[in-house]
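Residue numbers (the working numbering): 1 to 184.
What follows is one structure encoded as structure tokens, with my remarks underneath.
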């Protein structure tokens with residue numbers, strides 16, 4: 001067992017590097033979603049992802065302070081968890097957006113808002129089942145894992161819950177707001 005001290009310069013480099021990785025991932029996601037769907041879909045997905053990163057960072061830091069644990073530290077495992085959460089969340093969002101696009105292609109008499117609502121309802125069971133399966137595994141892992149990866153597991157747990165919430169209740173409603181502000 002060894003202990004290392006990370007100085008403020010290395011810690012700053014880590015935070016800057018983490019922010020850079022998240023920015024690069026976000027740009028690639030915007031490009032992909034703009035091509036696959038539209039810039040409006042990409043913008044709404046990125047806002048939902050920003051929500052996920054802020055919630056993850058905030059809750060993780062607060063829990064670290066409340067329980068006086070090193071959990072609140074931003075380290076490479078936290079960055080890895082944040083990037084994993086971004087990937088999981090955008091995947092969940094894409095599933096819902098794909099359902100929206102599919103329902104819009106069908107010649108229906110539903111309004112855009114009704115189509116989005118229908119798409120959320122149609123995707124809800126799949127999103128919740130997938131997320132709950134991952135949450136169960138993460139809770140078990142958190143309970144039996146060594147201290148060295150508890151922070152990583154907790155960050156994933158927070159992020160998966162937040163990501164599932166934002167995919168369902170942030171990204172799609174933002175799309176409705178976008179459509180109202182920018183009617184065709």
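Just so you know, even glycine gets a beta-carbon here, dropped at the ideal spot from N, CA and C.
These numbers come from a predicted model, not from an experiment.
* **8 Å contact criterion, which residue 153 and residue 132 should meet: CB distance rounded** => That pair is no contact at about 16 Å.
* Is residue 119 buried or exposed, if buried means 16 or more other CB atoms sit within 10 Å of its CB? -> buried
* To do: Kindly confirm or deny that the segment 107–117 and the segment 73–80 touch, where touching means at least three C-beta pairs closer than 8 Å.
  => no
* To do: If I'm right that residue 89 touches residue 48 with Cβ under 8 Å, what's the distance once you round it to whole angstroms?
  => 7 Å
* Using the beta-carbon count (16 or more within 10 Å), is residue 136 buried or exposed? -> exposed
* Could you check what DSSP says for residue 182 in three-state terms: helix, strand or coil? => coil
* Taking only heavy atoms of the ligand PLP into account, decide whether any of them is closer than 8 Å to the Cβ of residue 13. => Only the bare structure without any ligand can be found here, which leaves the ligand PLP out of the picture.
* Asked: Does the segment 87–101 come close enough to the segment 37–52 that 3 or more CB-CB pairs lie under 8 Å?
  -> Verdict: yes, contact present.
* **Residue environment, residue 115, which counts as buried when at least 16 other CB atoms sit within 10 Å** => buried
* For residue 75, which of helix, strand or coil comes out of DSSP? -> Note: residue 75 maps to coil in three-state DSSP.
* To do: Measure the C-alpha to C-alpha separation of residue 25 and residue 42 and round it to an integer number of angstroms.
  => Computed Cα separation, rounded: 13 Å.
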